[in-house]
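J.: Positions in the sequence shown are counted from 1; adding 2 to them yields the numbering used here.
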Amino acid sequence: MKNRIKVYRAIHDLTQEALADKLQVTRQTINAIEKGKYDPSLELAFKLSQLFKVPIEELFVYEVKEPVQEK
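This is the structure we're talking about:
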């Protein structure tokens with residue numbers, strides 16, 4: 003899943019470490035999320051949304067790889 007965490011982190015002048023401290027996660031977690039190697043939990047996604055004061059859809063972009071088949 004693509005995300006805009008790095009952009010919003012820069013807008014708010016936060017380092018990965020500072021953002022991690024605010025969210026009570028590790029800097030490595032923030033780094034992995036920004037690089038798309040890790041999708042955050044729903045709870046962490048909401049925390050990011052609240053911290054940056056933007057909707058979750060503004061932070062995360064879901065890309066459909068295969069259409070869902072109806073049964």
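Cβ coordinates follow ideal geometry from the N, Cα and C atoms, glycine included.
1) Could you spell out where the alpha helix (DSSP H) holding K67 opens and where it closes?
2) Taking only the alpha-carbon atoms, compute the straight-line gap between D15 and F54 and give it to the nearest angstrom.
3) Taking buried to mean at least 16 other C-beta atoms within 10 Å of its own C-beta, is P42 buried or exposed?
4) Please name the residue, chosen from P69, E68, L44, K73, that lies closest to E59 on a Cα-to-Cα basis.
T.: Taking the structure as given:
1) Here residue 67 is taken as the residue at index 65 of the sequence shown, counted from 1. Run containing K67: none; DSSP gives neither H nor E here.
2) The residue labelled residue 15 in the question sits at position 13 within the sequence shown. The residue labelled residue 54 in the question sits at position 52 within the sequence shown. Using only the alpha carbons, I get a separation of about 11 angstroms.
3) As a working mapping, residue 42 is identified with position 40 in the sequence shown. The residue in question, P42, is buried, as its Cβ has 16 or more Cβ neighbours within 10 Å.
4) Within the sequence shown, residue 59 is the residue found at index 57, counting from 1. Among P69, E68, L44, K73, the Cα nearest to that of E59 is on L44.
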